[in-house]
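Written below as structure tokens is the structure these notes are about.
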Amino acid sequence: MEIINNADLPMLTNLLIETYEKSENNRFMLAITGAPGAGKSTLAELLMRNTNEVLKDEIAIVIPMDGYHYHNDILAEKGLLPLKGIPQSFDSQRFVMLIKEIASQKQEKLYCPTYDRGLHNPVERSIVIENKHKIIIVEGNYLLLDTCPWNELADLFDESWFIETPLTTTKERLISRHVLAGRSFEEALSKISSTDAPNAELIIQTRHRATKLITVAAIEEI
0 MEIINNADLP
10 MLTNLLIETY
20 EKSENNRFML
30 AITGAPGAGK
40 STLAELLMRN
50 TNEVLKDEIA
60 IVIPMDGYHY
70 HNDILAEKGL
80 LPLKGIPQSF
90 DSQRFVMLIK
100 EIASQKQEKL
110 YCPTYDRGLH
120 NPVERSIVIE
130 NKHKIIIVEG
140 NYLLLDTCPW
150 NELADLFDES
160 WFIETPLTTT
170 KERLISRHVL
180 AGRSFEEALS
190 KISSTDAPNA
200 ELIIQTRHRA
210 TKLITVAAIE
220 EI
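Take 0 as the starting number for the sequence shown in numbering that gives the first Met the number 0 and just add one per residue.
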């Protein structure tokens with residue numbers, strides 16, 4: 000594992016492009032993972048935008064794992080709604096199948112969902128992956144998890160980056176996220192205690208499987 004400290008966005012953009020250009024694969028698959036609140040989604044979006052700007056082409060696209068949350072109605076039926084965010088609250092089989100299909104490049108177009116924090120549910124067919132997309136940035140919590148079927152993912156990625164963020168920072172971000180979603184401060188702390196903190200412990204145990212461990216310099220911007 001390579002350790003990169005105090006990385007900024009230009010550095011990570013250049014790193015991604017250089018690694019992609021050295022790759023012998025026609026499509027480059029990058030996993031970005033880390034604990035809840037680590038900044039994965041923001042970093043992935045910024046990387047995509049900067050990469051496309053530098054290469055002057057719409058070559059990179061982001062695939063968020065959160066789009067594969069089960070719908071709240073299904074989670075309620077399963078008794079998992081209070082624990083939304085744990086591995087069992089995702090349609091993992093469907094997500095793994097999508098990543099395999101993207102890697103195989105057998106279909107000209109693939110559609111996948113995003114997660115709407117306003118609706119608190121996935122929105123189907125929000126993202127279109129086309130042949131022009133050669134850099135696939137997949138971001139999510141459980142990309143390196145060593146349980147079935149998540150453990151089928153690691154070998155599909157050319158690179159996997161674990162974003163290391165202080166737990167004090169992730170907690171502050173999670174409180175803000177939960178309060179913005181409509182929870183009280185006390186409810187936000189309860190959600191962190193019941194779900195986010197145990198998830199973080201599980202995810203941190205997967206970081207040794209990453210090809211790069213990265214801390215970001217301008218952490219508040221990521």
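By construction, the Cβ of each residue, glycine as well, lies at the ideal position given by its N, Cα and C atoms.
Item: So who's on the other strand from residue 68, going by DSSP bridges?; Value: 89
Item: Taking the beta carbon of residue 138 as the centre, do at least 16 other beta carbons fall within 10 Å, making it buried, or is it exposed?; Value: buried
Item: Since residue 55 is in the beta strand (DSSP E), which residue starts that stretch and which ends it?; Value: Unbroken run through residue 55: none, as it is neither H nor E.
Item: Count Cβ pairs between the segment 153-169 and the segment 73-92 that sit closer than 8 Å; are there 3 or more?; Value: no
Item: Going by DSSP in three states, residue 103 sits in which element: helix, strand or coil?; Value: helix
Item: Would you give the residue range spanned by the alpha helix (DSSP H) that residue 197 belongs to?; Value: 196-203
Item: Using DSSP with H/G/I as helix, E/B as strand and the rest coil, what is residue 148?; Value: coil
Item: Which residues mark the beginning and the end of the alpha helix (DSSP H) in which residue 187 is found?; Value: 184-190
Item: Name the DSSP beta bridge partners of residue 114, please?; Value: 121
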